[in-house]
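Asks: Using this note's numbering, you'd call the opening residue of the sequence shown number 46 and step up by one each time.
Even for Gly, the Cβ is constructed at its ideal location relative to N, Cα and C.
Below is one structure. I have some questions about it.
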Amino acid sequence: MLNKLVDEMRYSGRFAWVSAKKTLGISPKSDKAHLCERIVRGIARGRIHPDSAFTAGIRPDGLGAVMIQRLSIQAAASDMGFAYYHKPFDFVGHQEMELEAWVRHCEAEFDLGHGLPQSAECELPYVEFLDYAVDERLWREPHLIGFREMFRYCNARPHLMDSLPWGARYRARARMHVRSAPDTCRVAVHVRRGDVSRAETTKRFTPNAAILRSIEGVVRELEACGLAHEVEIHSNGSPEELREFLDRGYRISDAPGAIESFRSLVTADVLVMAKSTFSYVAGLAASGVVVYEPQDYARVPRWVERNGDGTIVDEQLREALARLGPRG
Numbered sequence: 046m047l048n049k050l051v052d053e054m055r056y057s058g059r060f061a062w063v064s065a066k067k068t069l070g071i072s073p074k075s076d077k078a079h080l081c082e083r084i085v086r087g088i089a090r091g092r093i094h095p096d097s098a099f100t101a102g103i104r105p106d107g108l109g110a111v112m113i114q115r116l117s118i119q120a121a122a123s124d125m126g127f128a129y130y131h132k133p134f135d136f137v138g139h140q141e142m143e144l145e146a147w148v149r150h151c152e153a154e155f156d157l158g159h160g161l162p163q164s165a166e167c168e169l170p171y172v173e174f175l176d177y178a179v180d181e182r183l184w185r186e187p188h189l190i191g192f193r194e195m196f197r198y199c200n201a202r203p204h205l206m207d208s209l210p211w212g213a214r215y216r217a218r219a220r221m222h223v224r225s226a227p228d229t230c231r232v233a234v235h236v237r238r239g240d241v242s243r244a245e246t247t248k249r250f251t252p253n254a255a256i257l258r259s260i261e262g263v264v265r266e267l268e269a270c271g272l273a274h275e276v277e278i279h280s281n282g283s284p285e286e287l288r289e290f291l292d293r294g295y296r297i298s299d300a301p302g303a304i305e306s307f308r309s310l311v312t313a314d315v316l317v318m319a320k321s322t323f324s325y326v327a328g329l330a331a332s333g334v335v336v337y338e339p340q341d342y343a344r345v346p347r348w349v350e351r352n353g354d355g356t357i358v359d360e361q362l363r364e365a366l367a368r369l370g371p372r373g
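In structure tokens, the structure reads:
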């Protein structure tokens, strides 16, 4: 009861603040989470027209981010009983070829819109969620609402994105491109470097020592189970940044690009993720053991917990490995 009261006070205070900003002509872009919550609360109270629909709005970002945008919106729409229209990628950062070709390549590879109605086919008037949330007159008529993402909604319900059919479909496709040694557990480790550093992006940076501790925990349990294994590191870090992994005898993946690395992460017997939407989404598609690193996106129930110092919850890891059949 007390928690609910505190939550209502938080929401009411933010509502008043954002409304005042609108009156003063101040942009609400820094209030995206609150504006999403306004819409979710409006739906819960039956104030949003039930024939409205969800789609992806404007978000120029990297591959993992634009994927989780669409997956979270689709999952939230389904959970709340609204139609979802797929919007093909219009921008994917960190391109590995000319931008338009890269966008088309990513759209074809991941096929997030498989079997779904397309946004271009929707006859409803389109509106960005920022505008929709603050103008309740729009709520009375059906609209196609473009969201930046719905990960906060999904964070409170972490099973939703994991239940989408996309994961199993993509995993089957990825397996056609990846070869693994028979009778050997492949441990794929995402070491995020390049766009993060200890000095400038501390929140998203994980030191090598913590990652090595996680790998050691996985290897120790694999050896205890009598399972042969190999460890491969997926990273765009410099040779110097990855020296400690090489010194331990771990193989640096020779995957030529992001898509090839993603396939390897998805099809690994054990995936050790980073603080990254890239490996988070890979974990959603993976059927092997997924070792989760704490971050803004919530842990899916089937994933193994990992502490901030890199140590792993051993009991969860043992249970997950016990479920890992031959070839994961």
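Go ahead and label Gln163 buried or exposed: buried means 16 or more other beta carbons lie within 10 angstroms of its beta carbon, across all protein chains shown.
Replies: Exposed, since its Cβ has fewer than 16 Cβ neighbours within 10 Å.
Asks: If you run the structure through DSSP and keep just helix, strand and coil, what is Tyr171?
Replies: The answer is strand: DSSP assigns Tyr171 an E or B state.
Asks: Please list, in chain order, all residues of the same chain as Glu166 whose beta carbon is under 8 Å from its beta carbon, the five residues on each side excluded.
Replies: Answer for Glu166: Tyr130, listed in chain order.
Asks: Do you know whose CA, among Ala89, Ser117, Gly109, lies nearest Thr100's CA?
Replies: It is Ser117.
Asks: Helix, strand or coil for Ile190, going by three-state DSSP, please let me know.
Replies: Of the three classes helix, strand and coil, the one that applies to Ile190 here is strand, per DSSP.
Asks: Which residues in the same chain have their Cβ closer than 6 Å to the Cβ of Phe307, if we skip the five residues on either side of it in sequence?
Replies: If we look at Phe307 and ignore the five residues flanking it on each side, its Cβ neighbours are Ala327.
Asks: Using DSSP bridges, identify the partner residues of Gln163.
Replies: According to DSSP, Gln163 bridges with His131.
Asks: Identify which residue in Arg224, Ala110, Arg214, His235 has its Cα closest to the Cα of Gly160.
Replies: The shortest C-alpha separation from Gly160 is found at Arg214.
Asks: In terms of DSSP beta bridges, what is Ile278 paired with?
Replies: Looking at the DSSP assignment, Ile278 forms a beta bridge with Val234, Ile297.
Asks: Assuming Gly109 and Tyr337 form a contact by the criterion Cβ under 8 Å, report the distance between their Cβ atoms to the nearest whole angstrom.
Replies: 15 Å between Cβ atoms; not a contact.
Asks: What is the rounded straight-line gap between the Cα of Gly373 and the Cα of Leu80?
Replies: Low confidence applies to Gly373: its pLDDT is 40, below 50, so where it sits in the model is not reliable enough to give any reading.
Asks: Using 10 angstroms around the beta-carbon of Lys132, count the other beta-carbons present and answer buried if the total reaches 16, otherwise exposed.
Replies: Lys132 is buried by the Cβ-count criterion.
Asks: Sort out for me which residues DSSP pairs Ile357 with in a bridge.
Replies: Looking at the DSSP assignment, Ile357 forms a beta bridge with Arg351.
Asks: Quick one: give me the first and last residue of the alpha helix (DSSP H) that Ala327 is part of.
Replies: It spans 322 to 330 - the alpha helix (DSSP H) in which Ala327 sits, taken as one unbroken run.
Asks: So which of His188, Ser75, Glu145, Leu47 has the shortest CA-CA distance to Cys128?
Replies: The question names Cys, but residue 128 is Ala in the sequence shown. The shortest C-alpha separation from Ala128 is found at His188.
Asks: Using a Cβ-Cβ cutoff of less than 8 Å, which residues in the same chain neighbour Ile88 once the five nearest sequence positions on both sides are dropped?
Replies: Once the five neighbours on either side are set aside, the close Cβ partners of Ile88 are Met125, Phe127.
Asks: Which residues bound the alpha helix (DSSP H) around Thr68?
Replies: It spans 47 to 68 - the alpha helix (DSSP H) in which Thr68 sits, taken as one unbroken run.
Asks: Quick check: the Cα distance between Pro339 and Ala201, rounded to an integer number of angstroms?
Replies: Using only the alpha carbons, I get a separation of about 15 Å.
Asks: Measure the alpha-carbon distance for Leu50 versus Tyr56 and round it to whole angstroms.
Replies: Their Cα atoms are separated by approximately 10 Å.
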